[in-house]
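For reference, the structure is listed below as structure tokens.
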Amino acid sequence: MRIGELAEASSTTTKTLRFYEEAGLLPAPNRTASGYRDYDPDVVARLNFIRRSRTAGLSLAQIREVLDIRDSGSAPCQHVHELLEDRLAGLDRQIAELQALRATVAQLRDAATSVEPADCDPVLVCRYL
Numbered sequence: 095m096r097i098g099e100l101a102e103a104s105s106t107t108t109k110t111l112r113f114y115e116e117a118g119l120l121p122a123p124n125r126t127a128s129g130y131r132d133y134d135p136d137v138v139a140r141l142n143f144i145r146r147s148r149t150a151g152l153s154l155a156q157i158r159e160v161l162d163i164r165d166s167g168s169a170p171c172q173h174v175h176e177l178l179e180d181r182l183a184g185l186d187r188q189i190a191e192l193q194a195l196r197a198t199v200a201q202l203r204d205a206a207t208s209v210e211p212a213d214c215d216p217v218l219v220c221r222y223l
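See the structure below:
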């Protein structure tokens, strides 16, 4: 299938397909006699995998690692499990940091409930921050 057909079948763009090919996420397609890319239909499943992986927050480098393992003939399930474990740990850290930030901002907001412009030292810009 040509690049436009693949883009339509996979709900992506031709620009994305070219990028994925250049980044090593898609195998180099065969070329027609006139030089057009001619993708195998199974590339749609690979693109769906890439989309699901991006949705889970994996980087393109991590996705390439998984695809390389699969392309070498091995099942990448253990590697994917480890990537997902790391991703969850990172999300937990981000959530904790955001909760701490929210508490700080709430405290600052609470301290700023009584606005007294006359008490505000211009050197401090704003006493609430």
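If you read the sequence shown in this note's numbering, its first letter stands for residue 95, the second for the next number, and so on. C-beta: ideal position from N, C-alpha, C; glycine also.
Query	Result
Identity of the residue in 96, 210 and 197 nearest residue 128 by Cα	96
Coil, strand or helix - residue 136 by DSSP	coil
Distance between beta carbons of residue 140 and residue 132, contact taken as under 8 Å	Not a contact, Cβ separation roughly 15 Å.
Whether residue 177 touches residue 137 by CB criterion (8 Å)	no
Per DSSP, cross-strand counterpart(s) of residue 146	None; residue 146 has no bridge partner.
Residue range of the alpha helix (DSSP H) that includes residue 183	171-205
Residue 131 - DSSP class collapsed to helix/strand/coil	strand
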